[in-house]
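Student: The opening residue of the sequence shown carries number -18 in our numbering; numbering runs sequentially from there.
Don't be surprised by glycine CBs; every beta carbon is placed ideally from N, CA and C.
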Amino acid sequence: MRKITLRSIFVTVTFLTALFTVIGCSKKEPTENNTVKIGISKIVQHVALDNVEQGIQDAINQAGITAEFDLQNANGDVNTATQIANKFKSEKVDIAVGIATPTAIALANTISDIPVVFATVTDPIGAGLVDTLDHGKNNVTGLSDAIPTAEHIKLFAKLANIKTLGYIYTSSEANSITGLNLVKVACEENGIQLITQSISKSSEVKQASEAIVNRVDGLYLTTDNTVFSALSALVQVFGKAKKPIFSGDVTGAMEGGCAFASGFNYYKAGFATGEMVVDILNGKKPADIPVKFLTDPSETDFLVDLDALANCDIEIPQEYIDEANYIFENGTLTEK
């Protein structure tokens, strides 16, 4: 039987390994005094989305484009996301970027005459942003951060002897519902009982954690922005109960508390999104640009938290520790 490794789970996911051919066009050099205005809207502030935001700006700046960035935070409120979209529309930004599904949907539903680029949207088809992954839709294209949920859960069950799995999700986030459906299928395939708890805002995360912690062997987290914005409360509850957490977002796990984390490097995801923005500024049409995925192993991160494992009295084979490029031990994060 082929060994499952943290790094291999990304390169074995079928649709993430699909390669798209980007249609070329002539490059337009920006003039010295021509400043473009880029509106960037994120659904909530937390370290992963902050890294995406920074990566976008760096890619555009490094391309030699003179840009003014209007950075907006919806603070987890979809109504605020719509207000931001209307602001970008009325101010006629050159390109609007939505970080995470709710803000991307708000931009796409509000703006039709300005390019819209989405960043880190788990299921862009399900969200109605595009009809196919082969190209954009009208004025919209972007990057997906879909993660290999089934492989994560299979590995978690193997390493931590998970028989009953907990999952907390935001009922109003399309990407969270997509994640829920994937988790359900994965649990059914692996004979794992699933216990779920929905929330609507970050202040409910601690209560949701307390509601399920004594009913599960461990908790799995997908890329739910509302949940991750209150990750410290969740880690506190599960740490006290000595129950392990597997996170699909490595960035959020870097402060400790999640036994395992496997996911994309969100700065690199932001940088790749910024490169798509540059392509559009240089003449490409959003409708001609395929949805982008991070497929190279160098674009993914893997973290093992030895402190969290010790707290949960879990020992894992050395090979998985060797595979990780981040180790959290004795309260300190080390990058290999």
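1) Under 8 Å, do D282 and N306 count as touching if we go by C-beta distance?
2) Which residues does DSSP list as the beta-bridge partners of E316?
3) If we count the other Cβ atoms within 10 Å of its Cβ and call it buried at 16 or more, is F(-4) buried or exposed?
4) Flag this pair as touching only if the region 125 to 142 and the region 43 to 53 have three or more C-beta atom pairs under 8 Å; answer yes or no.
5) I think T103 touches T63, with their Cβ atoms under 8 Å apart; what is that distance to the nearest whole Å?
6) Helix, strand or coil: which one does DSSP assign to T276?
7) Tell me the rounded alpha-carbon separation between F241 and T232.
8) Please state whether DSSP places D282 in a helix, a strand or coil.
9) Kindly indicate which three-state DSSP category N206 falls into: helix, strand or coil?
10) What's the C-alpha gap between L114 and V272?
11) Give me the Cα-Cα distance between I176 and I143, rounded to the nearest whole angstrom.
12) Does the Cβ-Cβ distance between L30 and A66 come in under 8 Å?
13) Return helix, strand or coil for Q53, following the three-state DSSP convention.
14) According to DSSP, is Q26 helix, strand or coil?
Tutor: Well, looking at it:
1) yes
2) Y307
3) Residue confidence for F(-4) is low, a pLDDT of 39 falling below 50, so the modelled location carries little weight; the figure read from the coordinates is stated next. So F(-4) ends up on the exposed side.
4) no
5) Rounded, the Cβ-Cβ distance is 20 Å, inconsistent with contact.
6) coil
7) 12 Å
8) strand
9) helix
10) 5 Å
11) 12 Å
12) no
13) strand
14) coil
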